[in-house]
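Here's the structure, in structure tokens; my notes come after.
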Amino acid sequence: MLGMPEPDPSVLARRGDIIATMRDILPAPGAVITDADSLRPYECDGLMAYRQLPMIVVLPETVQQVAAILKYCHDTKIRVVPRGAGTGLSGGALPMADAITISMMKFNRVLEIDWDNRAITVQPGVTNLGITRAVEHRGFYYAPDPSSQIACSIGGNIAENSGGVHCLKYGLTTNNVLGLEMVTITGEILRLGGKALDASGYDLLGIITGSEGLLGIVTEVTVRILRKPETARAMLLGFNSSEAGGNCVAQIIAEGIIPGGLEMMDAPAIRATEDFVHAGYPLDVEALLLVELDGPKVEVDYLIDRVGGIADGCGAVYARISETEEERLLFWSGRKNAFPAIGRISPDYMCMDGTIPRGRLAEVLTGMQVLSQRYGLRVANVFHAGDGNLHPLIMFDANQPGELERAEEFGADILRLCVAVGGCLSGEHGIGVEKRDLMPEMFTEDDMKHQERLKLAFDEDQLLNPGKVFPVLHGCGELKTLHARSVADKFPDIPRF
Amino acid sequence: MAETITPTSPAQLRDAIVWAQETQTPLEIIGQGSKRIYGHAVAAEHVLNLSKLSGILFYEPGELVLSARAGTPLSDIHAALAEKKQQFHFEPVDFPVVLDGAAAPLSGTLGGLVACNLAGPRRLKVGAARDHVLGFEAVSGRGEDFKSGGRVMKNVTGFDLSKLMAGSFGTLGVMHSITIKIMPCDEKTRTVLVGCDDPVLAGSAMTAALTSENEVSAAAWVPASHAAKTGGGDRVAAMGGGVVAVRVEGPGPSVAWRCDALRKLLSSFGPTEALHSTNSLALWRDIANVGPFAGRDDILWRLSVPPASGGNVARQICDQTGAEVMLDWGGGLIWAQLPGDDAAQADIVRQIAVGAGGQATLIRASATLRAAIPVFHPQDPAIAALNERIRENFDPRHVLNPGRLDPARGA
Chain E
146 MLGMPEPDPS
156 VLARRGDIIA
166 TMRDILPAPG
176 AVITDADSLR
186 PYECDGLMAY
196 RQLPMIVVLP
206 ETVQQVAAIL
216 KYCHDTKIRV
226 VPRGAGTGLS
236 GGALPMADAI
246 TISMMKFNRV
256 LEIDWDNRAI
266 TVQPGVTNLG
276 ITRAVEHRGF
286 YYAPDPSSQI
296 ACSIGGNIAE
306 NSGGVHCLKY
316 GLTTNNVLGL
326 EMVTITGEIL
336 RLGGKALDAS
346 GYDLLGIITG
356 SEGLLGIVTE
366 VTVRILRKPE
376 TARAMLLGFN
386 SSEAGGNCVA
396 QIIAEGIIPG
406 GLEMMDAPAI
416 RATEDFVHAG
426 YPLDVEALLL
436 VELDGPKVEV
446 DYLIDRVGGI
456 ADGCGAVYAR
466 ISETEEERLL
476 FWSGRKNAFP
486 AIGRISPDYM
496 CMDGTIPRGR
506 LAEVLTGMQV
516 LSQRYGLRVA
526 NVFHAGDGNL
536 HPLIMFDANQ
546 PGELERAEEF
556 GADILRLCVA
566 VGGCLSGEHG
576 IGVEKRDLMP
586 EMFTEDDMKH
596 QERLKLAFDE
606 DQLLNPGKVF
616 PVLHGCGELK
626 TLHARSVADK
636 FPDIPRF
Chain Z
250 MAETITPTSP
260 AQLRDAIVWA
270 QETQTPLEII
280 GQGSKRIYGH
290 AVAAEHVLNL
300 SKLSGILFYE
310 PGELVLSARA
320 GTPLSDIHAA
330 LAEKKQQFHF
340 EPVDFPVVLD
350 GAAAPLSGTL
360 GGLVACNLAG
370 PRRLKVGAAR
380 DHVLGFEAVS
390 GRGEDFKSGG
400 RVMKNVTGFD
410 LSKLMAGSFG
420 TLGVMHSITI
430 KIMPCDEKTR
440 TVLVGCDDPV
450 LAGSAMTAAL
460 TSENEVSAAA
470 WVPASHAAKT
480 GGGDRVAAMG
490 GGVVAVRVEG
500 PGPSVAWRCD
510 ALRKLLSSFG
520 PTEALHSTNS
530 LALWRDIANV
540 GPFAGRDDIL
550 WRLSVPPASG
560 GNVARQICDQ
570 TGAEVMLDWG
580 GGLIWAQLPG
590 DDAAQADIVR
600 QIAVGAGGQA
610 TLIRASATLR
620 AAIPVFHPQD
630 PAIAALNERI
640 RENFDPRHVL
650 NPGRLDPARG
660 A
């Protein structure tokens, strides 16, 4: 079972005082949640295997309220768990028994659309899709599109540096954020970045993005918006092996073509999604590529021809091109519904999120089949092939004793495999609690201590989202101590002049 | 006595920094030293020279990734990329040439490029060096090895320390290996030129281009005084005055189509013309390298402002200081060359930048002027304090490039 920091009995003993203070700061009805029934919906996020009732939940609606809450928590040493829409898949918003969960979902307004600077400023509780909805009437959109985009909040996207299917061409959240307003644990309100592209000093905007709620609470977000491409068309390309599909991906990129979307599914994923949404996927192929090309019509037509030629050369046994917008969306509906499709054929499933160098795909898929047999659990794969991000979906039945644990071990072994071939533990879901204890697979103690030193600069008492990301929390003293290791004779081997 | 320490392996680099840390000996970190006159003078007698930590570790064109030692010459990397028709997508400015006319083209190293977070005209579409670093290995000012990121495109495994290192000017740690994302060169490039002498009107033309659906990959304005000298060929010179340049890149048919669309769209701003690939590449190399002002001695400022305000900001700078200006990033980047060597003008430049919601950096000036005023834009006190705490935790004894960013704080 997951080890989390022990609740502090002295904080629990103060619960009544804490509630009273929160009600002073947040007078609105329902802004402070304290009874068990109302706390229940907050006991987990999208990673439902782990649950814990929070001490209380608060729902501020102004930046001043957030600052007052955090300052109080800092001054009286109360832990804080930030929460957006609660769709995260790595347990980053898992509550703690002695912590205040701060829900940011009342921050749900669009503040400014600056068409000339191609920027929109919103509050962090606005959904990812909500941003596109706010600007699409003038032909604009927000590019990163995680598959939870209808529900996930932009604040959560910042915390996890969310991706989606368009990352290879349009970048991740971090490449699309222009500015943030955030509150530190001491209650200071900081503005980072803005509509101008460069700012002096260390790139705080860059490190806040993807920091999983460990460095501060974001209260305002400015992102860049893009003009929607005139046309988009999708191609389905089927192959007799994952190797052939992977090779086709490599060839497309080698020819200098960067598609808007480049997805791959293996046979189990194809079957499950086809049964579910009837997207017209071929059932007799081992790998299916979904390639989307976007831009002016003349460009899309030209590239469709070229990709078609490349696919032929790579031994494609199936090819279909979307002729209408409805058909394009139908092609995507299978891929976008892969998770619920797996949910239909298995009582439970676990979605992993490793990234690998693309060229190692066949090897990793083979390794996964070996593991699948060893653990006696099925696995289906959807893969952001363009950027090497794998989503193995491990199927299990939590009602069978020991199966959840087996699935977790299977998942951990898949991620170890990803790291072993030069990849990483998480491409877009974050570490949270789910992959926390695997961090040493990628990082040395000193690597992690340097990350923690960054944390310390923001949150010396480690009150923000403790128990997440780092398997072992080192104390402030230990992190700051300089260990003497005298280099005896001033490094005689190094050339000097 | 001042020494130059030249490690030949990451282990030797660590030994050197451990020594510096334990003896509290500050070090100036250089690769080729091509950007030493950028920023403040480092308060260190000893030099840590990384030029022997050199060489491409791996380059996999199909994976769009390259990894090299930090001291690898950029000229070597550009040559390797060109062979595979690939590039740094962020199109970095050849900064040493801007600072010093005597610098050899493509001077500098990969480490310096990342440490200064350089970028070029494509910044407005694809970001700067920070957006392309996938991972690094370094030794911190504590004398400890650390790394972050990796070699894959998508990675949220722990804090993104690559962002922290990019643009940190070597003040937190010394990178010895850097892995960076590469992109293919586009098949074709075309540039729409619009004759336009007024920076405000030029700003409006660039905004119109950038808010259109033509996937513009660069938009700049070159003043009349330089337009004839860009290397972009006769057609640029024939415009007979200042020129707005708007670039599209991609497959041939798409580029032709978008170029036509942009010419129609921008015709109300002035006479238009189009450049094909060869002349486009020459023009944009010149713009990336700040052709009008490169290699001269006059004071050079670089303002980063919201792009749509660029035209107005440029006009104010010209009116109030007598500067010559050039715009890039659709107006978001303003290069301003000022006559004289006057510290008082610095306040005017900074006030104008701040008034537009931007910042101003002093790129080129005499040592006296660089010592007299902050080179980098002063930060909000709370953010400055946060920067200082980060510095304290990574380099507690301030042995790495002390004073480079902010002499007053020893940072």
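In the order they appear, the protein sequences are chains E and Z. Take 146 as the starting number for the first sequence in this note's numbering and just add one per residue. Take 250 as the starting number for the second sequence in this note's numbering and just add one per residue. Backbone N, C-alpha and C fix where the C-beta goes; we use that ideal spot for every residue, glycine too.
How big is the Cα-Cα spacing for residue i and residue j?
i: Ile-286 (chain Z); j: Gly-357 (chain Z); result: 13 angstroms
i: Arg-484 (chain Z); j: Ala-473 (chain Z); result: 14 angstroms
i: Leu-438 (chain E); j: Pro-520 (chain Z); result: 33 angstroms
i: Ile-178 (chain E); j: Arg-254 (chain E); result: 22 angstroms
i: Arg-598 (chain E); j: Asn-642 (chain Z); result: 6 angstroms
i: Leu-371 (chain E); j: Phe-528 (chain E); result: 25 angstroms
i: Gly-406 (chain E); j: Lys-481 (chain E); result: 12 angstroms
i: Gly-401 (chain E); j: Pro-433 (chain Z); result: 5 angstroms
i: Ser-411 (chain Z); j: Gly-390 (chain Z); result: 16 angstroms
i: Cys-563 (chain E); j: Val-401 (chain Z); result: 11 angstroms
i: Glu-151 (chain E); j: Leu-635 (chain Z); result: 29 angstroms
Just verifying my parser: in three-state terms, what is the DSSP assignment at residue i?
i: Trp-550 (chain Z); result: strand
i: Ala-483 (chain E); result: helix
i: Asn-306 (chain E); result: coil
i: His-619 (chain E); result: coil
i: Ala-633 (chain E); result: Any reading at Ala-633 (chain E) needs caution, since the residue's pLDDT is 49, under 50, leaving its predicted position unreliable; the model's value is listed next. Three-state result, Ala-633 (chain E): coil.
i: Cys-569 (chain E); result: strand
i: Thr-440 (chain Z); result: strand
i: Leu-157 (chain E); result: helix
i: Ala-296 (chain E); result: coil
i: Met-250 (chain E); result: coil
i: His-529 (chain E); result: strand
i: Ser-397 (chain Z); result: strand
i: Ser-529 (chain Z); result: helix
Using a beta-carbon distance below 9 angstroms, is residue i in contact with chain E?
i: Ala-364 (chain Z); result: no
i: Glu-332 (chain Z); result: no
i: Cys-445 (chain Z); result: no
i: Asn-528 (chain Z); result: no
i: Gln-594 (chain Z); result: no
i: Asn-561 (chain Z); result: no
i: Ala-510 (chain Z); result: yes
To which residues of the same chain is residue i closer than 7 angstroms at the C-beta, ignoring the five residues directly before and after it?
i: Ala-633 (chain E); result: Confidence at Ala-633 (chain E) is low in this model, with a pLDDT of 49, below 50, so the placement of that residue is unreliable and no value is reported for it.
i: Cys-674 (chain Z); result: In the structure as shown, chain Z starts at 250 and stops at 660, and residue 674 (chain Z) therefore has no counterpart that could be examined.
i: Ile-258 (chain E); result: Ile-265, Ala-279, Val-280
i: Arg-640 (chain Z); result: Thr-420, Leu-421, Ala-660
Considering Cα atoms alone, identify which of the options is closest to residue i.
i: His-525 (chain Z); options: Z:Ala-458, Z:Leu-442, Z:Ala-595; result: Z:Leu-442
i: Ile-632 (chain Z); options: E:Arg-505, E:Val-328, E:Glu-573; result: E:Val-328
i: Pro-585 (chain E); options: E:Tyr-426, E:Ala-557, E:Pro-413; result: E:Ala-557
i: Glu-444 (chain E); options: Z:Leu-587, Z:Trp-578, Z:Ala-505, Z:Trp-550; result: Z:Ala-505
i: Thr-500 (chain E); options: E:Asp-606, E:Asn-482, E:Glu-305, E:Gly-533; result: E:Gly-533
i: Gly-479 (chain E); options: E:Arg-451, E:Ile-449, E:Pro-427; result: E:Pro-427
i: Thr-232 (chain E); options: E:Gln-268, E:Glu-305, E:Arg-160; result: E:Glu-305
i: Pro-441 (chain E); options: Z:Thr-479, Z:Trp-550, Z:Trp-578, Z:Leu-511; result: Z:Leu-511
i: Gln-210 (chain E); options: E:Asp-190, E:Leu-335, E:Asp-169, E:Glu-573; result: E:Asp-169
i: Leu-323 (chain E); options: Z:Arg-372, Z:Leu-611, Z:Pro-588, Z:Asn-298; result: Z:Arg-372
i: Pro-275 (chain Z); options: Z:Lys-403, Z:Val-296, Z:Asp-394; result: Z:Val-296
i: Asp-153 (chain E); options: E:Lys-222, E:Ala-173, E:Ile-214; result: E:Lys-222
Does any residue of chain Z bring its CB to less than 9 angstroms from the CB of residue i?
i: Gly-567 (chain E); result: yes
i: His-595 (chain E); result: yes
i: Phe-555 (chain E); result: no
i: Leu-653 (chain E); result: Outside the modelled stretch of chain E, which goes from 146 to 642, sits residue 653 (chain E), for which no answer is possible.
i: Arg-228 (chain E); result: no
Leaving aside the five residues before and after residue i along the sequence, list all residues of the same chain whose C-beta is less than 6 angstroms from its C-beta, in chain order.
i: Arg-228 (chain E); result: Ala-238, Thr-246, Ser-248
i: Ala-614 (chain Z); result: Ile-548
i: Gly-364 (chain Z); result: At residue 364 (chain Z) the sequence reads Ala, which differs from the Gly that was named. So the list reads Phe-418, Gly-419, once near-sequence residues are dropped.
Answer yes or no: the CB of residue i versus the heavy atoms of the ligand ADP, is any distance below 8 angstroms?
i: Gly-559 (chain Z); result: As presented, the structure is devoid of all ligands, the ligand ADP included, so that no description of it is given.
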